[in-house]
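Numbering (my numbering), first residue to last: 121 to 604.
What follows is the structure, given as structure tokens:
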């Protein structure tokens, strides 16, 4: 009898260990787009809610004069290494908190630390639930939204800082253990395989704490992409229709339009696949949705993405908007993704973003998808013989453009300018223009001109109060711009 009990205990222990390791594996492994012809695999994929909410930029501070920025987590698992600690902090009953100023927070950047920046502010409660925290603590009340999280990794008592714009909450938890992330930061510092970044206030003498590099140490790989959907393969397109409607193609109405787009209709649900490679899906709501719930909606979106032709590698939630349809309340979720570790931006208004989902709690009403796949072509990069321009170079080369658009956007008139002498005017405008820069990051620009073998353009993506610019990283030429 004792022997049987020991066997049972051992078996249960193995099961729990297996579940724990599987959970860690799901958290750390990115998902590839599942082959369209493997319907069973696509339907069984599980895109974790956890993977939706993740940073799009990482500021690594080694000391007062040594900083760098990463745009992805593939090689070092910095974000995934902090998730368990973050979950503990958000669930702990033994925390101490205090508000701090923006000025004080920036002094912390001189210490060994990491700052995780999110693409936009998220509900702290939703962040906690995405980390499997069932009952978040008072942090979600004191700091309802968060757009960045600072981790202090020095020798003194560990702490984190949750930020939302100019509001910052410093949090101590006596049980915090950041040794794993400290070791990762130490290895990165010792290898020195990174570009040095400095605040604009140091490089350009302007009151702006955005970090930019003065000189680049790396190049961006040459990348060619193709449409995820092969619109010339009717069998593949029909299989996608079967996945969406969960019906054999014989029961689905097919309409081919004059422009080559294909419509599939079943029970008021419509799937449209454009020749450009954009997929659009519409499904009427099955019942009224009078109250919106972001947690339910995000889980619905996660499940929908998992079950409809798979999830692109390195996909992340970039924006959330509240929407209404009649009297129904829901959310419009926007998703971006990375290629070779770099964010990709659309250079053409073929879609508002790569994935867009309108979710009303447990119902998906609209879905748009335009995904491009890395063709993994081994090609000689002509740019390798050129030095990649830094953000410092880009700003200097394009300052006049930035200034002209600033004057236009602010509606500054000649009368406004005549009251100052030229030198005073030049300095005042320079301060205002450079202070208006909110962010500058590396990215790939997709021109969206060809279905296949489309060459992505490496760009510096510069964001101001009113505009987004994309400048070629090798020539400095403006490749794309739009008002926002």
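Note that beta-carbon positions come from the ideal geometry of N, C-alpha and C, so glycine has one too.
| Asked | Found |
| --- | --- |
| Would you mind working out which of 281, 303, 321, 370 sits nearest residue 220, comparing C-alpha positions? | 281 |
| Between 592, 479, 210, 290, which lies nearest to residue 339 when the distance is taken from Cα to Cα? | 592 |
| Please name the residue, chosen from 269, 228, 454, that lies closest to residue 276 on a Cα-to-Cα basis. | 228 |
| Report the rounded CA-to-CA distance for residue 526 versus residue 516, giving the unit in angstroms. | 15 Å |
| With a floor of 3 residues, list each beta strand (DSSP E) that falls wholly inside the segment 515 to 594, ordered by position along the chain. | 557 to 566, 577 to 584, 587 to 592 |
| The alpha helix (DSSP H) spanning residue 441 covers which residue range? | Looking at the DSSP string, residue 441 is not in any alpha helix (DSSP H); the run it does join, the beta strand (DSSP E), is 435 to 445. |
| Look up residue 448 in the DSSP assignment and give the residues it is bridged to. | 445 |
| Check whether the segment 294 to 313 touches the segment 196 to 213, counting contact only when three or more Cβ pairs, one atom from each stretch, lie closer than 8 Å. | yes |
| Anyone know if the C-beta pair for residue 208 and residue 199 falls short of 7 Å? | no |
| Can you name, in chain order, every residue of its own chain whose Cβ lies under 8 Å from the Cβ of residue 160, other than the five neighbours on each side? | In this predicted model, residue 160 has a pLDDT of only 35, less than 50, meaning its place in the structure is not dependable enough to derive any value. |
| Using three-state DSSP, classify residue 206 as helix, strand or coil. | helix |
| From which residue to which residue does the alpha helix (DSSP H) around residue 614 run? | Residue 614 lies beyond the stretch modelled for the chain, which goes from 121 to 604, so this question has no answer here. |
| Residue 288 bridges to which residues according to DSSP? | 220, 283 |
| For residue 314 versus residue 331, is the C-beta distance shorter than 7 Å? | no |
| Assuming residue 233 is part of the beta strand (DSSP E), what are its boundary residues? | 233 to 243 |
| Can you name the start and end residues of the alpha helix (DSSP H) that residue 321 belongs to? | 320 to 323 |
| Go through the segment 292 to 370 residue by residue and report every complete run of the alpha helix (DSSP H) that reaches 4 residues or more, in order. | 299 to 311, 320 to 323, 354 to 365 |
| Cβ of residue 179 within 7 Å of Cβ of residue 235? | yes |
| Return the CA-CA distance between residue 397 and residue 406, expressed in angstroms with no decimal places. | 29 Å |
| Taking only the alpha-carbon atoms, compute the straight-line gap between residue 584 and residue 528 and give it to the nearest angstrom. | 13 Å |
| Which value, in whole angstroms, describes the spacing of the CA atoms of residue 392 and residue 225? | 49 Å |
| Return helix, strand or coil for residue 603, following the three-state DSSP convention. | strand |
| Taking Cβ to Cβ, would you say residue 600 is nearer than 7 Å to residue 467? | yes |
| Would you kindly work out how many angstroms separate the C-alpha atoms of residue 301 and residue 244, rounded to a whole number? | 22 Å |
| May I ask you to report which of helix, strand or coil DSSP gives residue 415? | helix |
| Tell me which residue opens and which closes the alpha helix (DSSP H) that residue 259 is part of. | 259 to 262 |
| At the level of alpha carbons, what is the spacing between residue 274 and residue 237? | 20 Å |
| By the three-class DSSP mapping on this structure, what secondary structure does residue 149 have? | With a pLDDT of only 35 at residue 149, under the threshold of 50, the placement of this residue in the model should not be trusted, and no figure is reported. |
| So which of 409, 550, 365, 425 has the shortest CA-CA distance to residue 325? | 550 |
| Going by C-alpha to C-alpha distance, which of 323, 530, 369 sits closest to residue 185? | 323 |
| Would you report the Cα separation of residue 94 and residue 486, rounded to the nearest angstrom? | Because the chain here runs from 121 to 604, residue 94 falls outside it and cannot be looked at. |
| Of the choices 508, 521, 241, 530, whose alpha-carbon is the least far from that of residue 577? | 508 |
| On the DSSP bridge list, what partners appear for residue 466? | 566 |
| Apart from the five residues on each side of it in sequence, which residues of its chain come closer than 7 Å, Cβ to Cβ, to residue 174? | 199, 436 |
| Alpha carbon to alpha carbon, how far is residue 404 from residue 386? | 11 Å |
| Consult DSSP for residue 199 and reduce its assignment to one of helix, strand or coil. | helix |
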